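The sequence shown lines up with residues 624 to 1078 when you count with our numbering.
Accompanying notes for the structure given below.
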Amino acid sequence: MPSPTTLDFKLKQQLQAGQTTLWLNPDLGIRGSETDPSACAQMLDAEQRLQRFAPLLQQLYPELAASGGLIESPLRRIPAMGQQLLGQHAGAERLLLKCDHALPVAGSVKARGGIYEVLFFAEQLARQVGLLPDSQDSEADGRLADGYLGLAGTEAQALFGRYRIAVGSTGNLGLSIGIIAARLGFQVSVHMSRDAKLWKKNRLRDAGVEVVEHRGDYAAAVAEGRRQSDADPYGYFVDDENSEQLFYGYAVAALRLQRQLREAGIAVDRDHPLFVYIPCGVGGAPGGISYGLKGLFGDHVHCFFAEPVQAPCMLYALASGRVKPVSELGIELVTEADGLAVGCASELVAAKMKTLLSGIFTVADDELFRWLYQLHQHEKIDVEPSAAAGFGGPAWLTQSDAGRAYLQQQGLEPMMDRAHHLVWSTGGRFVPAAEQAGFIEHGRQLFADTAEQSR
Ligand SMILES: *Cc1c(COP(=O)(O)O)cnc(C)c1O
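As structure tokens, this is what we get:
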């Protein structure tokens, strides 16, 4: 690893002043940065595990019938939004949306990692006591006559009911873990940070989950959840800051996207680069997805994260060479993007992204609401504020000095009229209607004010 760098003076000033910026990763693609071959193996292993559980999930959640028990979201073209963001610039008609805001069961990108980790743990427990064969290749049969479907039965429920799964969350991770774990019969404690929305807590309580409210931020909720869980011999803590299971569960999205791109006739190769923009909190979701995409598409995919100006923790970690809290910059995590309100990045993810990530841009809350409104207005798609962060990407890349410098360095300029821009929308399905209407109205007003000023 190259020696730690110190934060560039100008960048530091921008972060402290809450100015939006695009940071380019100087370590992108340095030697030894190829995704290691085991990455694809672990992603495939996770995909196979989800396939094994698909019949059970289909039984537990009838809304998964159409997808055969897979929790997946559509890939859509959103040219009208492209027009809004880029006008006549190249790329407007090639804007794509990966619709994880519509993911069934959990309603956010956290379905991919959170639900996967609970299934992983359940499988491990069932194998240990012989309910399931002790490995996929094992000759021995498990005691459950109907295999994974039997995990919904009384014997498995009694087993799972002895354990308590705990997690610290700003909301959506708790939702995804709480919903699936309670359904399988686990006891569940979700430690919510002060950012968590009331409706998310209520939804969990309705599902029989213990919600512990903390006055501190996300890091404090995680720390307290971890402490309580570690003291419990039957406690299992889902560690959002360090979990490999979460990470590879998220990475499965890359395999699914690869198939969807192929079905849509969208090539990703030397002549057809793909730019992907994903909102980032602690880093697990965007990191896992990017890791998978780099493993599948290599240099032909360009991954960028989006962070609030009030919570640029991954930017701070990668640009300074060390994972540190953004409070050092005097930043206080005041943002409506509750899913992204994280002050300190995941060490695990920062290390994995060091040479794979192209860059990170920051967004102001007002921008989130304007994009949320525009998406509603022009595409009839509703997302939560966090999930709108990626919409800054196409303009940063094609219209800013830093973005143009990136395209030039990478030799991409001749290909830009064939490039696709993919914005990853990460949550929103279960936002109550009245709350969503408030977001849209706030965005509408901000949009009208901006139009007024630029007249
Ligand atoms: C959690 C979350 C993210 C970011 O995921 P991290 O793993 O925290 O980086 C993005 N959008 C939404 C809506 C989220 O809930």
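The beta carbon of each residue, even a glycine, is placed where N, CA and C say it ideally should be.
No experiment lies behind these values; they were computed from the predicted model shown.
Local conformation of residue i per DSSP, three classes
i: Thr1021; result: helix
i: Glu836; result: strand
i: Ile1063; result: helix
i: Gly1026; result: helix
i: Arg892; result: Sequence check: residue 892 is Asp here, not Arg. In this structure, Asp892 counts as strand in the three-state DSSP scheme.
i: Ala929; result: strand
i: Ser656; result: The pLDDT assigned to Ser656 is 48, lower than 50, so where the model puts this residue is not dependable, and the model offers no usable value.
i: Ala640; result: helix
i: Ile901; result: strand
i: Ser792; result: strand
i: Val924; result: strand
i: Tyr914; result: helix
i: Leu683; result: helix
i: Gly962; result: helix
i: Pro909; result: helix
i: Cys663; result: helix
i: Lys633; result: helix
i: Ala781; result: helix
i: Ile803; result: helix
i: Ser1077; result: coil
i: Gly765; result: coil
i: Leu693; result: coil
i: Asp1072; result: helix
i: Glu1058; result: helix
i: Ser1088; result: An answer regarding residue 1088 cannot be provided, because it is not within the stretch 624 to 1078 covered by the chain.
i: Glu990; result: helix
i: Trp1015; result: The sequence as given places Gly at residue 1015; Trp does not occur at that position. Helix.
i: Ala678; result: The amino acid occupying residue 678 in the given sequence is Pro; Ala does not appear at that position. Helix.
i: His712; result: coil
i: Asp668; result: helix
i: Leu754; result: coil
i: Gly776; result: coil
i: Gln1033; result: coil
i: Glu864; result: coil
i: Thr1000; result: Note that residue 1000 corresponds to Gln in the displayed sequence, not to Thr. Correct three-state label for Gln1000: helix.
i: Gln759; result: coil
i: Leu673; result: helix
i: Leu798; result: helix
i: Leu919; result: helix
DSSP bridge partner residues for residue i (one or two, in chain order)
i: Asp810; result: According to the sequence as given, residue 810 is Gln; it is not Asp. For Gln810, which the question treats as bridged, DSSP gives the partners Arg787.
i: Lys721; result: Leu698, Trp1047
i: Leu645; result: Phe984
i: Ser731; result: Gly1050
i: Met1038; result: Answer is none; Met1038 lacks a bridge partner.
i: Met815; result: Ser792, Glu836
Run of the alpha helix (DSSP H) containing residue i, from where it starts to where it stops
i: Cys936; result: 936-943
i: Ala842; result: 841-853
i: Ile954; result: It is not in any alpha helix (DSSP H) - Ile954 carries neither H nor E in the DSSP assignment.
i: Val875; result: 867-886
i: Met976; result: 970-976
i: Lys826; result: Strictly speaking, residue 826 in this sequence is Arg, with Lys absent from that position. Counting along the chain, the alpha helix (DSSP H) containing Arg826 begins and ends at 821-829.
i: Ala749; result: 739-751
Endpoints, beta strand (DSSP E) assigned at residue i
i: Tyr859; result: 858-861
Exercise. Does the segment 853-873 come within contact of the segment 714-725, defined as at least 3 CB pairs closer than 8 angstroms?
Worked result: Because the criterion of three Cβ pairs below 8 angstroms is not met, the segment 853-873 and the segment 714-725 do not touch.
For this session: May I ask you to verify whether the segment 878-888 touches the segment 903-919, counting CB pairs closer than 8 angstroms and requiring at least 3?
Result: Verdict: yes, contact present.
Problem set entry | the segment 725-745 contacting the segment 862-879, beta-carbon criterion three pairs below 8 angstroms | Yes, they touch.
Problem set entry | Test item, CB below 5 angstroms from any non-hydrogen atom of ligand 1 | Chain-ordered list of matching residues: Ser731, Asn795, Pro902, Cys903, Gly904, Val905, Gly906, Gly907, Ala908, Gly962, Ser1009, Ala1010, Thr1049, Gly1050.
Exercise. Between the segment 993-1006 and the segment 884-896, are three or more C-beta pairs nearer than 8 angstroms?
Worked result: Contact between the segment 993-1006 and the segment 884-896 is absent, because fewer than three Cβ pairs lie under 8 angstroms.
For this session: Determine, using beta-carbon pairs with one atom in the segment 927-943 and one in the segment 810-820, whether at least three such pairs fall under 8 angstroms.
Result: Touching, no, given that fewer than three Cβ pairs across the two stretches are closer than 8 angstroms.
Exercise. Are there three or more Cβ pairs, one per stretch, closer than 8 angstroms when the segment 894-905 is compared with the segment 828-840?
Worked result: Touching, no, given that fewer than three Cβ pairs across the two stretches are closer than 8 angstroms.
For this session: Decide yes or no for the touch test of the segment 794-813 against the segment 702-716: beta carbon pairs closer than 8 angstroms, at least 3 of them.
Result: They do not touch, by the three-pair rule.
Problem set entry | the segment 1012-1022 touching the segment 979-994, judged by at least three CB pairs closer than 8 angstroms | Three or more Cβ pairs drawn from the segment 1012-1022 and the segment 979-994 lie within less than 8 angstroms of each other, which places the two stretches in contact.
For this session: May I ask you to verify whether the segment 628-637 touches the segment 700-708, counting CB pairs closer than 8 angstroms and requiring at least 3?
Result: Short answer: they don't touch.
For this session: Please confirm if the segment 824-838 is in contact with the segment 957-977, defined as three or more CB-CB distances below 8 angstroms between the two stretches.
Result: The answer is no - the segment 957-977 does not touch the segment 824-838, with fewer than three Cβ pairs under 8 angstroms.
Exercise. At a cut of 8 angstroms, does the segment 919-939 reach the segment 999-1016 through at least three beta carbon pairs?
Worked result: Three or more pairs of CB atoms, one per stretch, sit closer than 8 angstroms, so the segment 919-939 contacts the segment 999-1016.
Exercise. Does the segment 784-794 come close enough to the segment 755-769 that 3 or more CB-CB pairs lie under 8 angstroms?
Worked result: The answer is no - the segment 784-794 does not touch the segment 755-769, with fewer than three Cβ pairs under 8 angstroms.
For this session: Indicate whether the contact test is met: 3 or more Cβ pairs, each with one atom in the segment 1030-1038 and one in the segment 1062-1076, closer than 8 angstroms.
Result: No, they do not touch.
For this session: Could you tell me whether the segment 659-679 touches the segment 960-974, using the rule of 3 or more Cβ pairs below 8 angstroms?
Result: Contact fails: fewer than three Cβ-Cβ distances are below 8 angstroms.
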